[in-house]
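Encoded as structure tokens, the structure appears first; notes follow it.
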Amino acid sequence: MKKLAMGLCGVGIMLSTLCSAAEPVKIGMITTLSTKAGYLGEEIRDGFKLAIDQEAGKLGGVPVELLVEDDGAKPEKGKQIAERFIKKDNIKIMTGIVFSNVAMAVVPKVVQDDVLYLSANAAPSKLAGDGCNANYFSVSYQNDSLDEVVGQYVTEAGHKSVYLIAPNYPAGKDHLAGFKRYYKGTIAGEVYTKLDQSDYAAELAALRAAAPEAVFFFLPGGMGINFVKQYAQAGLNQTIPIYGPAFSFDERLLGAVGAAALGVKNGSQWTHDLDNPANQQFVAAYKKAYGRTPTLYASQGYDTARLIASALKATGGTDDLAAVRAALKKADFASVRGNFSFGNNQHPVQDIYIREVIQTADGFTNKTIKKVFTNHVDAYAQDCKM
Amino acid sequence: MLLVIEQLLNGLQLGITLFLMSAGLTLVFGIMQVINLAHGSFYMIGAYVGATVAAKTGSFLLAIPAALGAAALVGAVVEIVILRHLYKREHLDQVLATFGLIMFFNELTLMIWGRQPLFMDVPGPLAQSIEILPGLPYPVYRLAVIGVGLFVALALWLLFAKTRAGMKIRAGASNRDMIGALGVNINLLYTLVFSLGALLAGLAGVMAGPVLAVQSGMGESILILTFVVIVIGGIGSIRGAVAGALLVGLVDTLGRAFLPVLLRLVLESSAADSLAASLASMAIYILMAAILVWKPRGLFPAHA
Amino acid sequence: MSLLSRKTIVIGGGALLLFFLPLVAKLTGQPYLLSLGSRILIYALAAVSLDLLLGYSGMISLGHAAFVGIGAYVVGISQFHSYEATPFLSAPFLLSGSENGLFVLPLAILVAAFAALIIGALCLRTTGMHFIMITLAFAQMLYYFFISLEKYGGDDGLSLYARNSFPGIDLSDDRHFYYLCLTALGLFLLFTCRLVTSRFGLIIRGAGNNDRRLKGLGIRSTSYKLVTFVIAGGGAGLAGALLANQTEYVSPGLMHWTLSGELMVMVLLGGLGTLFGPVLGAAAFLLLEEGLAMYTEHWMVYMGPVLILAVVFAKRGLFGLLAGGNSRDD
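Chains as they are written, first to last, in our numbering: chain A, 875 to 1260; chain B, 43 to 346; chain C, 63 to 392.
Set out below in structure tokens:
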């Protein structure tokens, strides 16, 4: 009993000492570092940290402390961490969530508790439309944007029929809906696969039989690797081109897909070759710091940190949250994407591109080939009453 | 019709991969009476080591023995250091210890190889499709996987039915003490069997490498399928593993391929698609429940 | 044995500590301790219910999380319909949504128990290793079912609008909620304590130890085991319903087999076949996870070996360590 009591007291003391040292502005990052998707959180975190390191521990001249916790891609875990960040660490600014389901579990509650949440990746439609909130900013995109751009491009490319594939869960359906919003041809087939499915032989056979002119797929992470590899092994890449959002074609995944992805066109709001000074500086610094080419997730993490820096510079701290919010909304920073501002629902109004997978001496990467949307506004902004 | 044949081949190929996994696991279950959740980790180790060696040397032929060796070695170490102490314990202890092993191995691969998935290419000559029937191209690599699987099944049958070592293993399963008294080193025998199981899982892993994403945690999704196979086939029976694996492979593949088409005949298309997707993902579990009601000990119980 | 055995002291002390935790949280200005405490209580409840299977009746279920998930979904779905003002069922009888805890929590227990009845009846056709794998497979089946259940959020899960309402108390107040969890755990412990010391308890423990001997005595243990399975399912359902209220969120992730595994770990860490061990195990596991996660993002690489060592060396668990000799409640 004594031991137990001492142990628990110990925990209490540990907790209280940890939260009494509250000098710098604390930023809470809930992100996915474990599981198969762990590299996504790593990219976001590293991009964010780069901005802090460049200012030697400050953002916008204000000292900051970054607390990073792994949500393991589990919404429940994300909620626990958010609760701890709020109740224990008194954190006022949060960011970092990779997955929409985690975001949907965490964001609506924390913004009610007067915490600012800046999304560095997940941006589900509910939070962009009637669920928008003054305390919520998406710095990345709205989830559908990267599908919409592909829909537009595939229409322009003149493909008359397209076959659609996504996992059988809400995000899968959202992404296909985004594509269909801008695609004007016919849908040759629409297939929903098991989440985390690894073998796509059955789907590929059905696809071949349907003989579409193009394929659009949303299969994030390992699912996309499996699909693209098996697609090429079945010889289908010689006859039917595939398209998708950038999620299956970031530089770290491409290394695992290999030549099977060569020539695939995908939609993204950023690529490392975008020609603006902020971006050139970021890409060079990131390569130097981490020894790898940044992915779009890293760029989003970096932009989020630079945005916070711009707000902290204007306000000097987080004592007046309304002032921070107003400063954030101005988006007064040099985004690595170039063109960047917030719309009425506090989601980006930005240019969106089509890029192509190429091979260079360093390995497989993307090359921007066309700006398809200029100052693109997401489809849900009109539902946001703010 | 061609589509049906192609889907049958796909089902066969999935079944063969599952067989490689279940053969090893069912042996360990049946002969040593030990439950091993970490079997999927050997699959992952096979894939990781295979992918690494293939990337470093550029040779798939070197990757295979390296993967097999690594999986077998880790299997032997796990058996000697941990599982050996748990043979006489309850299944619960084995479940928990091997659950701990899963955590350990998954995180360890992240620490060693980093978080991004690894790449593994299809070996050159196998990287194409051939027309097995007019109008039906099929990837050569998948045919090769089927071939290897059939070869392993035959080799296992020969091992257990025709050789002295196989007989010893079977004897060890039925009476541990007696075979010890006959002067067979039972500890060594069990280590070898366990490591053989790990080796087969490693083989499945390295063969899956070129087709799938090589990543941490890849073993668990196939592990659960493997359990379903073993429950259906009957614990400890190689014959059961063959039957269960083929059945699961076919039901899963055909369900995914044809359920949407069938349901569209009776429902409007979006409802049919979503119902078909749900049913297809549950199909093998429903199959398992049905077989269990009919034959609680599986199709081919080992000690009938 | 004196009245104040070590075991009594440990249990009494633990109970006192749990009872006064809200006060400690208040005095130290650590409201987070309350959420952590509630989570420990809820997981403890689930772990105790699992211990009925693992520790008392020798049924090794690797799918217990399914019932936690079902309980949670009862709360989620019920509230969903209550807010949408749509009936859950209109035929054969009208069943509308509700967010009244007095109705929803018992409903969660009932639904989870009913699911346990069906799954248990099928699983109990097997024993031993078959049983382990079949329970796992059923849990996975439910997991995929809820993932594809688009109406209720699928993989995204369901966010609750608020915690359930309860006459007389306000669950949005963390202290009230904590005491609700404590009461639920206390009642369930009381119930299981009576259960395992009754004739029924004797039989299921007999079934766990030596099924054949029971048969010789002319007792068919299967129906007793099924009843135990159903009770354990109900307990897990209650834990799930509370968990849904605690996080104000429900998702299929609750049914994932790794959660079943973690519940098992809690039981073993605390002490198999003891009633209070799993409570201790849940606390230890959650604190360890939290503590390790603070120091390293690779916490699992340490947790795994800790677990293996616990299995190999500390057979009696933490409770056995603290309470000494006769920690088992038999």
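Even glycine gets a Cβ: it sits at the ideal position worked out from N, Cα and C. Owing to the predicted nature of the structure, the values given are computational and were not obtained by experimental measurement.
Which same chain residues, not among the five before or five after residue i, have their C-beta less than 6 Å away from its C-beta?
i               : result
residue 318(B)  : 301, 302, 305
residue 1208(A) : 1152
residue 337(B)  : none
residue 1102(A) : 1131, 1134, 1135
residue 939(A)  : 898, 900
residue 310(C)  : 222
residue 321(B)  : 301
residue 987(A)  : 960
residue 184(B)  : 55
residue 74(B)   : 232
Return yes when the Cβ of residue j is within less than 8 Å of the Cβ of residue i, no when it is not.
i               : j               : result
residue 64(B)   : residue 268(B)  : yes
residue 71(B)   : residue 277(B)  : yes
residue 979(A)  : residue 45(B)   : no
residue 331(B)  : residue 184(C)  : yes
residue 141(B)  : residue 67(B)   : no
residue 373(C)  : residue 138(B)  : yes
residue 1159(A) : residue 1218(A) : no
residue 1066(A) : residue 1040(A) : yes
residue 261(B)  : residue 90(B)   : no
residue 1018(A) : residue 1092(A) : no
residue 997(A)  : residue 973(A)  : no
residue 921(A)  : residue 1175(A) : yes
residue 248(B)  : residue 88(B)   : yes
residue 1124(A) : residue 1169(A) : yes
Am I right that residue i and residue j are in contact with their C-beta atoms under 8 Å? What's the rounded C-beta distance?
i               : j               : result
residue 186(C)  : residue 134(B)  : Not really, about 17 Å apart at Cβ, beyond 8 Å.
residue 233(C)  : residue 163(C)  : 7 Å
residue 333(B)  : residue 191(B)  : The pair is not a contact, with the Cβ atoms about 22 Å apart (cut-off 8 Å).
residue 1226(A) : residue 1246(A) : 6 Å
residue 348(B)  : residue 237(B)  : No answer is possible for residue 348(B): the residues shown for chain B start at 43 and end at 346.
residue 904(A)  : residue 1172(A) : Wrong, their Cβ atoms sit about 17 Å apart, outside the cutoff.
residue 1095(A) : residue 911(A)  : 5 Å
residue 250(C)  : residue 308(C)  : Contact flag wrong, Cβ pair sits at about 16 Å.
Using a Cβ-Cβ cutoff of less than 7 Å, which residues in the same chain neighbour residue i once the five nearest sequence positions on both sides are dropped?
i               : result
residue 114(C)  : 254, 290, 293, 294
residue 370(C)  : none
residue 366(C)  : none
residue 1192(A) : 899, 966, 967, 1198
Can you find the residues in the same chain that come closer than 8 Å, C-beta to C-beta, to residue i, ignoring five residues on each side of it along the sequence?
i              : result
residue 347(C) : 105, 324, 327, 328, 331
residue 159(B) : 255, 256, 257
residue 896(A) : Confidence at residue 896(A) is low in this model, with a pLDDT of 42, below 50, so its placement is unreliable and the value that follows should be read with caution. Taken in chain order, the residues that qualify are 964.
residue 829(A) : Absent from the structure is residue 829(A), since the part of chain A shown begins at 875 and ends at 1260.
residue 171(B) : 179, 180, 181, 182
residue 149(C) : 143, 156, 157, 158, 159
residue 124(C) : 194, 195, 197, 198, 201, 319, 322, 323, 326
residue 937(A) : 897, 898, 899, 931
residue 380(C) : 331, 332, 333, 339, 342, 343, 346
Three or more C-beta pairs below 8 Å linking the segment 108-125 of chain C and the segment 330-349 of chain C: yes
Inter-stretch contact at 8 Å, needing at least 3 Cβ pairs: the segment 931-939 of chain A / the segment 950-958 of chain A: no
Length at least 4, wholly inside the segment 169-211 of chain B: the alpha helix (DSSP H) runs in chain order: 182-204
Cβ contact check for the segment 997-1015 of chain A and the segment 1025-1038 of chain A: 3 or more pairs under 8 Å: no
At least 3 beta-carbon pairs within less than 8 Å: the segment 177-196 of chain B vs the segment 112-129 of chain B: no
Completely contained alpha helix (DSSP H) runs for the segment 930-1015 of chain A, where each covers 4 or more residues: 949-961, 974-986, 999-1002
Three or more C-beta pairs below 8 Å linking the segment 194-210 of chain C and the segment 257-273 of chain B: yes
Segments of 4+ residues assigned as alpha helix (DSSP H) that fall wholly inside the segment 150-198 of chain C: 163-185
Alpha helix (DSSP H) segments (min. 4 residues) lying fully within the segment 289-331 of chain C: none
contact_flag[the segment 268-278 of chain C, the segment 313-323 of chain C] where n(CB pairs < 8 Å) is 3 or more: no
3 or more residues per run - each beta strand (DSSP E) lying fully within the segment 1074-1099 of chain A: 1088-1091
contact_flag[the segment 1140-1160 of chain A, the segment 1210-1220 of chain A] where n(CB pairs < 8 Å) is 3 or more: yes
Complete runs of the alpha helix (DSSP H) confined to the segment 239-322 of chain B [at least 4 residues]: 260-275, 280-308
Beta strand (DSSP E) runs wholly inside the segment 1121-1164 of chain A, at least 3 long, in chain order: 1139-1142
Touch test, the segment 121-132 of chain C against the segment 298-310 of chain C, Cβ-Cβ under 8 Å, three pairs minimum: yes
The segment 355-365 of chain C contacting the segment 145-152 of chain B, beta-carbon criterion three pairs below 8 Å: yes
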